[in-house]
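Novice: Under our numbering, think of the first position of the sequence shown as 65, with each following residue one higher. No residue lacks a Cβ here, since even glycine has one placed at the ideal position from N, Cα and C. All values reported here derive from a predicted model rather than from experimental measurement.
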Amino acid sequence: MFNMSLKLGRVPQLWKTSCVVPVLKTQHPKDLNSYRPVALTSHLMKSLERVVLTHLRPLVRPSMDPPPFAYQPGVGVDDAVIYLLHRALSHLEKPGSTVRITFFYFSSAFNTKQPGLLKDKLEHVGVESHLSNWILDYLTNRPQYVRARDCVSDKVKFSDDSAIVGLITNEEDTEYRELIQDFVDWCLQNHLQKTKELVVDFC
65 MFNMSLKLGR VPQLWKTSCV VPVLKTQHPK DLNSYRPVAL TSHLMKSLER VVLTHLRPLV
125 RPSMDPPPFA YQPGVGVDDA VIYLLHRALS HLEKPGSTVR ITFFYFSSAF NTKQPGLLKD
185 KLEHVGVESH LSNWILDYLT NRPQYVRARD CVSDKVKFSD DSAIVGLITN EEDTEYRELI
245 QDFVDWCLQN HLQKTKELVV DFC
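This is the structure in structure tokens:
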């Protein structure tokens with residue numbers, strides 16, 4: 065079944081149907097933002113996802129932005145914080161140095177993805193067309209329904225944060241501003257809308 069699905073570039077509708085379960089993020093919920101939506105798919109789909117990921121990861125890794133802290137085995141938030149602090153503190157040891165960190169958060173980044181754009185990018189980095197077609201089909205027309213306790217809704221269809229570190233010397237921040245502009249342009253090209261932004265300066 066798996067081989068046939070991958071060869072045809074098609075995913076059975078039942079395999080990509082998700083049951084969304086609200087999971088508490090805090091002990092004392094106040095509103096809907098206190099819950100994290102977790103999408104559950106079939107065991108067959110989870111198994112096939114792992115097979116595809118094992119094949120896909122080596123193909124796309126050279127094209128990922130270094131350092132890749134998201135979606136990598138054995139790497140997490142602590143590693144990102146340590147790396148960020150090391151870069152910032154090492155730079156601040158130099159005279160006349162400033163560090164500016166801009167944090168971005170994208171709301172519903174997964175829901176605003178463009179599967180066709182992703183397919184083109186995957187093929188550009190060397191992913192076979194039958195696999196990119198399979199991924200496109202998997203991400204398109206995915207029915208979802210919500211389950212909360214005994215209530216089930218009708219079916220519907222339908223790396224979200226980032227940080228830029230600017231190492232500034234003698235108040236020369238041209239490179240940092242160009243980097244921010246490149247990031248904004250990339251967001252526009254990929255149909256991502258920034259919803260939260262935090263800028264922190266260290267002197």
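Quick check on the DSSP output: the alpha helix (DSSP H) that includes Val145 runs from which residue to which?
Specialist: 141 to 156 is the span of the alpha helix (DSSP H), which, as asked, contains Val145.
Novice: Between Leu70 and Leu195, how many whole angstroms is the CB-CB distance? I'm expecting something under 8 Å.
Specialist: About 7 Å separates the two Cβ atoms, so the contact holds.
Novice: Can you tell me the Cα-Cα spacing of Met128 and Val189, whole angstroms?
Specialist: Approximately 10 Å, taken between the alpha carbons.
Novice: Measure the Cβ-Cβ separation of Lys110 and Arg206 and say whether it is below 8 Å.
Specialist: Contact flag unset, no.
Novice: Give the C-beta separation of Ile232 and Phe247 to the nearest angstrom, bearing in mind that I take them to be a contact with Cβ-Cβ under 8 Å.
Specialist: Rounded, the Cβ-Cβ distance is 16 Å, inconsistent with contact.
Novice: Which one of Arg211, Gln208, Leu200, Asp249 has the shortest CA to CA distance from Val75?
Specialist: Out of Arg211, Gln208, Leu200, Asp249, Leu200 has the C-alpha closest to the C-alpha of Val75.
Novice: What is the rounded straight-line gap between the Cα of Thr162 and the Cα of Ala152?
Specialist: Going by the C-alpha atoms only, they are around 9 Å apart.
Novice: Since I believe Ser82 is in contact with Leu104 (beta carbons under 8 Å), could you give me their beta-carbon distance rounded to a whole number of angstroms?
Specialist: Contact flag correct, Cβ pair sits at about 6 Å.
Novice: Leaving out the 5 sequence neighbours to the left and right, which residues in its chain are closer than 6 Å to Asp237 when beta-carbon positions are compared?
Specialist: Result list for Asp237: empty, nothing under 6 Å.
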